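Presented below is the structure to which this report refers.
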Amino acid sequence: MSNKSQQSNFFDETFSEEERKRLDRQLRLPGWNQKALKDSKVVIAGIGGLGTEIAKNLAMAGVGTLHLIDLDIIEYSNLNRQILFSDADEGEPKSKVSARALKKINPFSKYIWHHSNLEDVDPEVYATADLIISGLDSVTARAELNRRAVHFKKPMIDGGTATYYGHVYIYSPGENACLQCDPQIERERETLAACTLVGIPRKRSHCLLKGQLSFESKHNRTPDTTVLEEMNVVIDYANNLVKEHFPDKSIFTIDEAVKMVDQHDPTIITMNAVIASLQSQEAVKILHHVKGIKLGTVNKEYVIYNGLVGKFFYIEKPPNKKCALCGSAATIIEEVTIPETTTIDMLLSIIKNKGYSYDPEFEPSFWLIDKKDPEEVELNLTLKEQDIRNHETLFVTSLTKNGEEIDLYIRLILNG
Ligand SMILES: [Zn+2]
Numbered sequence: 000m001s002n003k004s005q006q007s008n009f010f011d012e013t014f015s016e017e018e019r020k021r022l023d024r025q026l027r028l029p030g031w032n033q034k035a036l037k038d039s040k041v042v043i044a045g046i047g048g049l050g051t052e053i054a055k056n057l058a059m060a061g062v063g064t065l066h067l068i069d070l071d072i073i074e075y076s077n078l079n080r081q082i083l084f085s086d087a088d089e090g091e092p093k094s095k096v097s098a099r100a101l102k103k104i105n106p107f108s109k110y111i112w113h114h115s116n117l118e119d120v121d122p123e124v125y126a127t128a129d130l131i132i133s134g135l136d137s138v139t140a141r142a143e144l145n146r147r148a149v150h151f152k153k154p155m156i157d158g159g160t161a162t163y164y165g166h167v168y169i170y171s172p173g174e175n176a177c178l179q180c181d182p183q184i185e186r187e188r189e190t191l192a193a194c195t196l197v198g199i200p201r202k203r204s205h206c207l208l209k210g211q212l213s214f215e216s217k218h219n220r221t222p223d224t225t226v227l228e229e230m231n232v233v234i235d236y237a238n239n240l241v242k243e244h245f246p247d248k249s250i251f252t253i254d255e256a257v258k259m260v261d262q263h264d265p266t267i268i269t270m271n272a273v274i275a276s277l278q279s280q281e282a283v284k285i286l287h288h289v290k291g292i293k294l295g296t297v298n299k300e301y302v303i304y305n306g307l308v309g310k311f312f313y314i315e316k317p318p319n320k321k322c323a324l325c326g327s328a329a330t331i332i333e334e335v336t337i338p339e340t341t342t343i344d345m346l347l348s349i350i351k352n353k354g355y356s357y358d359p360e361f362e363p364s365f366w367l368i369d370k371k372d373p374e375e376v377e378l379n380l381t382l383k384e385q386d387i388r389n390h391e392t393l394f395v396t397s398l399t400k401n402g403e404e405i406d407l408y409i410r411l412i413l414n415g
């Protein structure tokens, strides 16, 4: 068999005849390697407007394993753009329904669904993936996914749409900025974190956020933006604060409040399809590259698409040397291989051998951070007894190295 036919896998026996017939047209693409895609594992976090399109594209392209992560259930308002849910019922988990629909689209691939927060998904899923794709719509979830991409050194394709604008950005470990490299984002997050029910609002927008928080603390749920009485409760609270703290600024109108409380940006299938297709095309190349096969180059710039004028804009994103996650001053991540019958006490002595020490009066604490709510690890129970998983990351505080107090990440590789 010549090298040429090998590369395109026209006669590769890993594919059934039916599968080869189905893929015939793409096997003819110059530089294409179907086996590289078939052997790939891709994590798609967020199976919404973007995620469903990306999953559909990658399934049709013949990517072998797709991990589909989403905590949400299907709402009828998804159906204006989320093709995989068209025969599903309102209330069914998005991840499960999409796996079912994808199996019909391409039965030759594996679809593993996780009806879960991305934070609670087994860290092994990320550690063993070839590529991570974000179809997320929240800043905090993106930051969590970004940390996993940086720590596991995985390429990550981010995308997003807002009205008639969209963006695509690919993080390539060690080559360009991670998603947290932007100091501006950090500041905005801090401002939001500082805005709680107590404390004085520092911006007019905080007044509305406080109105929303007040409603949420009373009713244990977010206000329904389609119910006028509930929105009025939020607005009255917010506008009292505006009058008190920002007397020269305008009070909130109902339209403004609905847009701010309802986090869902209005969006349309065409914008999702453009952005998801760009993400999918970059994914196809990256999956070739991670298997050592040359196919085009990946765009490492931040791409903005303006759907109203039909133009693309490109912004270079060099890494921020001061980034707390990927910069030179970032918290170090140490990989430690140990048996799961080890206790944290034993882990401490391993860390000591790596040159870390601590003040005996302030013992370091170990936190499990691969979950929605970080948990402190018990010092004298074994890792197995605490259900600590392979590739789990621990965050350790109050250590000292070379006379300086530092924090540390430990990635655990369990060897039986
Ligand atoms: Zn960074």
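With numbering that gives the first Met the number 0, the residue at position 290 of the sequence shown is 289, and numbering never jumps.
We put the CB at the ideal spot given by N, CA and C, even for glycine.
Model, not experiment: these values are computed from the prediction.
{"query": "Terminal residues of the alpha helix (DSSP H) in which THR139 lies", "result": "138-150"}
{"query": "Contact check, GLY50 vs GLY134, beta carbons under 8 Å", "result": "yes"}
{"query": "Option nearest ILE267 by Cα separation, candidates ALA275, VAL376, VAL260", "result": "ALA275"}
{"query": "Buried or exposed (CB count within 10 angstroms, at least 16 for buried), SER108", "result": "buried"}
{"query": "Option in LEU277, LEU367, ILE314, MET155 with minimal Cα separation from VAL289", "result": "MET155"}
{"query": "Beta-carbon proximity check, ASP71 vs LYS55, cutoff 8 Å", "result": "no"}
{"query": "Heavy atoms of ligand 1 versus C-beta positions, residues under 7 Å", "result": "VAL149, ALA176, CYS177, GLN179, CYS180, PRO318, ASN319, CYS322, LEU324, CYS325, GLY326"}
{"query": "Inter-residue Cα distance where the pair is ALA100 and TYR313", "result": "35 Å"}
{"query": "The stretch 8-20 contacting the stretch 254-269, beta-carbon criterion three pairs below 8 Å", "result": "no"}
{"query": "Test item: CB-CB of LEU398 and LEU411 under 8 Å", "result": "no"}
{"query": "Proximity of VAL297 and GLU281 at Cβ, strictly below 8 Å", "result": "yes"}
{"query": "Simplified DSSP state of PRO265, which is helix, strand or coil", "result": "coil"}
{"query": "Of the listed residues GLY159, ARG141, ALA128, nearest to THR269 (C-alpha basis)", "result": "GLY159"}
{"query": "Coarse secondary structure for THR381, derived from DSSP in three states", "result": "strand"}
{"query": "THR336: first and last residue of the uninterrupted beta strand (DSSP E) it sits in", "result": "331-337"}
{"query": "Beta carbon of ASN389 nearer than 8 Å to that of LEU413", "result": "yes"}
{"query": "CA nearest to the CA of SER423, picked from ASN239, VAL257, LYS258", "result": "Only positions 0 to 415 of the chain appear in the structure, and residue 423 is not among them; the question remains open."}
{"query": "CB-CB length for GLY63 against LEU28, believed under 8 Å", "result": "Not a contact, Cβ separation roughly 18 Å."}
{"query": "contact_flag[the stretch 160-172, the stretch 78-92] where n(CB pairs < 8 Å) is 3 or more", "result": "no"}
{"query": "LEU378 versus MET345 - alpha carbon distance", "result": "9 Å"}
{"query": "Short Cβ contact (8 Å threshold) for ILE132 with ILE53", "result": "yes"}
{"query": "Cβ neighbour criterion (16 or more within 10 Å) applied to ASP86", "result": "exposed"}
{"query": "Same chain only: Cβ atoms within 7 Å of ALA58, ignoring 5 sequence neighbours per side", "result": "LEU65, LEU101, ILE104, ASN105, SER108"}
{"query": "Buried or exposed (CB count within 10 angstroms, at least 16 for buried), PHE361", "result": "exposed"}
{"query": "Residue(s) in a DSSP beta bridge with PRO92", "result": "ILE72"}
{"query": "Three-way DSSP call (helix, strand, coil) for HIS166 in this model", "result": "strand"}
{"query": "Cβ shell of GLN81 (< 7 Å), same chain only, five flanking positions each side left out", "result": "GLY47, GLY48, THR51"}
{"query": "Through-space distance from PRO359 to GLU300, alpha-carbon basis", "result": "48 Å"}
{"query": "Inter-residue Cα distance where the pair is ASN305 and GLU18", "result": "38 Å"}
{"query": "Residue interval of the beta strand (DSSP E) (run including PHE251)", "result": "Taken as a continuous stretch (DSSP letters only), PHE251 belongs to no beta strand (DSSP E), as it is neither H nor E."}
{"query": "Those residues which DSSP pairs with ASP433 across a bridge", "result": "As displayed, the chain neither begins before 0 nor continues past 415, which places residue 433 out of reach and without an answer."}
{"query": "Boundaries (first-last residue) of the beta strand (DSSP E) holding HIS113", "result": "109-113"}
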